[in-house]
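Some notes on the structure that comes next.
Residue numbers (the UniProt record's numbering), protein chains in the order written: chain X, 1 to 276; chain H, 1 to 276.
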């Protein structure tokens, strides 16, 4: 079916968006639309311009008959800031305060619109680095890991605190839970990570950094490389945090138990990502 | 910035694709592109035709000045069948066999391309039903729930076997684990589900159906409605399964421990979804 330019642009946009970071060849598009490579090249130039003007990512084009295009999703500073401000307000709602000074996040981390933006933000921070896998710990980090992995188009792996037969052989490490000073155990399926893999750690919330530190040990056990650490929110923590080089979208500064208020501000994400 | 048609088509496609099931008004697009509503209407008609011809979903358009468009993602039978066949082969690989007759799935359920298709397939099955939330049980069901929830654009909720302080008050039920006949407990945060909500249950693997049955009890406790049950794979099960009305993408028919082979075939998904 030979196609009109407008049809090609629409289908091409969808096709590229659904396969971020994947090189789609001119040859493929030329066959798919029964159109000359020269026409496809012109189409891609139009998509590239529109994507750039709208600030939703970059279309990398590789010129020549053997070339193609690759969509790299990202977010610009204005939209990132707007999202973080919205989240700051949502997190500050009184009824999120739980006994023990915890903040209820499960509703936000179950909303596809929130997760889409969280994934896009975190992926943008690591655009110039090579990442082979995203790692998180069960359960609440999983949706964040999945969203980041969708935007980077790499797999994610789930570290577990409980052993499950469905994981096969595992590698385990002990770690000190920052908040409670207890020694705990976490493990990861042996076949889930290759030696030398470049790993990005993500999680929903970081207090003392004990859990993240456990994941760092696991990465060492697998002889893999840590690329970075990103969390949705960090909590106020008095004392030395075990982990220092991380980025957070949000920061829970203070919880006042008397009048039940939560004070939330932006984390260090914006300054780390856009002030380079 | 007044725009050319080609630019509008590209940006519009992206905008609608990123917000499935959401009505975007003509007024919004008209402002965004500084173009007359009549031009936007023509644009939407072109997008609608292309989306239909390529079988990737439906663009519902509401006519008139107060109208707009809504993208409903779906998959056609041929692509669904092709995906299920690929998965059948992947699951049949010998090295997936774990002690106890379990099949290793974690790599597949951590791959964004696989999860995207699983989500699209399951969402397609429930297109003509009203769904308010997707429910699953931690941990391995989470990626499937998230992907389905992205395509349906509704939140997902995670049932847990372990109590966590970060969930606040919970409602819990006891259930009989089908495989081991043990009585276990699962719980869900009280604020995560509204009374009367229409709930779709998804999970990675179903054997006896005990876990799914536990989730059914939870839905009753919340006075919510069960819309359907979908699993990635069902296992061979001798005896009466507690749950009978479900759909599965794949079926692990037989595991031969002597020559270490796994026999996998398609589940009942295709016949349930496309033979209506």
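Virtual Cβ for every residue (Gly too), placed ideally from N, Cα, C.
Interface residues of the region 48 to 67 of chain H facing chain X [CB-CB below 8 Å]: 49, 50, 51, 53, 54 and 56
For residue 58/X, which residues does DSSP report across the bridge? For the purposes of this step, residue 58/X is taken as the residue at position 58 of the first chain. BP columns for residue 58/X point to 72/X.
Which class does residue 245/X belong to by DSSP, given the choice of helix, strand or coil? The residue labelled residue 245/X in the question sits at position 245 within the first chain. Note: residue 245/X maps to coil in three-state DSSP.
Any chain H beta carbon closer than 9 Å to residue 86/X: In the first chain, residue 86/X corresponds to position 86, counting from 1. With 9 Å as the cut-off, residue 86/X does not count as an interface residue toward chain H.
Kindly indicate if chain H contains any beta-carbon less than 9 Å away from that of residue 83/X. On the first chain, residue 83/X is found 83 positions in, with the first residue counted as 1. Chain H contact via Cβ: absent.
Sequence-distant residues of its chain with Cβ nearer than 8 Å to residue 205/H (five each side left out): Along the second chain, one-based indexing puts residue 205/H at 205. Only 103, 105, 140, 231, 232, 233, 234 and 235 meet the Cβ criterion.
May I ask you to report which of helix, strand or coil DSSP gives residue 131/H? One-based indexing of the second chain puts residue 131/H at position 131. In this structure, residue 131/H counts as coil in the three-state DSSP scheme.
Would you list the residues sitting across from residue 156/X in a DSSP beta bridge? Residue numbering aside, residue 156/X sits at position 156 when the first chain is read from its first letter. Looking at the DSSP assignment, residue 156/X forms a beta bridge with 134/X.
Residue 121/X and residue 9/X - do their beta-carbons sit closer together than 9 Å? Position 9 of the first chain, counted from the start, is the residue given in the question as residue 9/X. Position 121 of the first chain, counted from the start, is the residue given in the question as residue 121/X. Contact: no.
Name the DSSP bridge partner or partners of residue 201/X? Here residue 201/X refers to the residue found at position 201 of the first chain. According to DSSP, residue 201/X bridges with 135/X and 229/X.
Members of the region 135 to 163 of chain X near chain H, C-beta cut-off 9 Å: 138, 139, 140, 142, 143, 145, 146, 147, 149, 150, 151, 152, 153, 154, 155, 156, 157, 158, 160, 161 and 162
Terminal residues of the alpha helix (DSSP H) in which residue 175/X lies: Within the first chain, numbered from 1, the residue matching residue 175/X stands at position 175. Residue 175/X -> not in any alpha helix (DSSP H); beta strand (DSSP E) instead, spanning 170 to 176.
Which same chain residues, not among the five before or five after residue 44/X, have their C-beta less than 6 Å away from its C-beta? Stepping through the first chain from its first residue, residue 44/X is reached at position 44. Once the five neighbours on either side are set aside, the close Cβ partners of residue 44/X are 61 and 69.
Determine whether the beta carbon atoms of residue 200/X and residue 133/X lie at a separation below 9 Å. Translated into positions along the first chain, residue 200/X becomes position 200. Translated into positions along the first chain, residue 133/X becomes position 133. Closer than 9 Å, so yes.
Suppose you measure from the CA of residue 239/H to the CA of residue 259/H; what does that come to, to the nearest Å? One-based indexing of the second chain puts residue 239/H at position 239. One-based indexing of the second chain puts residue 259/H at position 259. Cα-Cα distance, rounded: 25 Å.
Burial state of residue 28/X (16 or more Cβ within 10 Å): For this step, residue 28/X is matched to residue 28 along the first chain. Burial call: exposed.
Residue 265/H to residue 86/H span [Cα, whole Å]: Start at 1 with the first residue of the second chain, and residue 265/H comes out as number 265. Start at 1 with the first residue of the second chain, and residue 86/H comes out as number 86. Those two C-alpha atoms are separated by around 11 Å.
Per-residue burial, residue 213/X [other beta carbons within 10 Å of its own, 16 or more giving buried]: Here the question's residue 213/X lines up with position 213 in the first chain. Under this definition residue 213/X is a buried residue.
Mind checking residue 218/X: buried by the 16 CB within 10 Å criterion, or exposed? Position 218 of the first chain, counting from 1, holds the residue named residue 218/X. Burial call: buried.
From 98/H, 190/H, 76/H and 186/H, pick the residue whose C-alpha is nearest to that of residue 271/H; which is it? As a working note, residue 271/H is residue 271 in the second chain. The shortest Cα separation from residue 271/H among 98/H, 190/H, 76/H and 186/H belongs to 76/H.
Proximity of residue 136/H and residue 244/H at Cβ, strictly below 9 Å: Sequence index remark: in the second chain, residue 136/H carries index 136 (1-based). Sequence index remark: in the second chain, residue 244/H carries index 244 (1-based). Taking 9 Å as the Cβ cut-off, residue 136/H and residue 244/H do not qualify as a contacting pair.
Suppose contacts are defined by Cβ-Cβ distances below 9 Å. Is residue 156/X in contact with residue 123/X by that definition? As a working mapping, residue 156/X is identified with position 156 in the first chain. As a working mapping, residue 123/X is identified with position 123 in the first chain. No, these two residues do not count as a Cβ contact at 9 Å.
What does the alpha-carbon distance come out to for the pair residue 223/H and residue 144/X? For the purposes of this step, residue 223/H is taken as the residue at position 223 of the second chain. For the purposes of this step, residue 144/X is taken as the residue at position 144 of the first chain. Rounded to the nearest angstrom, the two C-alpha atoms are 29 Å apart.
Residue span of the alpha helix (DSSP H) that contains residue 166/X, given as start and end: Numbered from its first residue, the first chain carries residue 166/X at position 166. Where residue 166/X is concerned, there is no enclosing alpha helix (DSSP H), given that its DSSP letter is neither H nor E.
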